[in-house]
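Some notes on the structure that comes next.
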């Protein structure tokens, strides 16, 4: 399991904070939870209970946008990602046009989403690598 937190927009250069957790699973579930200003990454394999694989400080204010995406990164391999059970829990989900604060929050939401996507891609890449037989000389 690989998590990668990218530096926020406006920071010079791409900076990544990568952490890995060994796993033999071919599929699993990823859960991100925010408790106050702490973002927790939790992972479950094969129906087991969720285990924390990472936590870090995060924004405490409301996020205006949450999006899902997938990317192969620099890999030339194919990627198949299925988001089958996605939910957002909040005290309230606002409706209406975005304000300036909501626009700023949307950028931070993209940052949070990029962490999720990179983690999902890393899991998918690990699964693909484990399924390919080793080359025979």
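Numbering (my numbering), first residue to last: 1016 to 1152.
Heads up, the beta-carbon is just placed ideally off N, CA and C, and yes, glycines get one too.
Computed from a predicted structure; not experimentally measured.
*Let me know the secondary structure DSSP gives residue 1083 once reduced to three states.*
coil
Notebook entry, point to check: Which of helix, strand or coil does DSSP assign to residue 1143?
Noted result: helix
Query - Spatial distance of residue 1065 from residue 1082 (CA atoms) - result: 22 angstroms
| said: Please report the distance separating the alpha-carbon of residue 1037 from that of residue 1097. | reply: 22 angstroms
Residue 1128 versus residue 1089: straight-line alpha-carbon distance, rounded:
18 angstroms
Residue range of the unbroken beta strand (DSSP E) whose run includes residue 1064 = That residue, residue 1064, is in no beta strand (DSSP E); it is neither H nor E in DSSP.
#### Entry: Beta-carbon contacts of residue 1117 that lie in its chain and below 7 angstroms, excluding the five residues immediately before and after
1079
- prompt: Is the stretch 1058 to 1074 touching the stretch 1098 to 1108, taking contact as three or more C-beta pairs under 8 angstroms?
  reply: no
field: Residue of 1121, 1076 and 1142 minimising C-alpha distance to residue 1053
entry: 1076
Can you give me the Cβ contacts of residue 1125 inside the same chain, cut-off strictly under 6 angstroms, excluding the 5 residues immediately before and after it? none
- Message: Let me confirm a value: residue 1135 is counted as buried when at least 16 other C-beta atoms fall within 10 Å, else exposed. Which label applies?
- Response: buried
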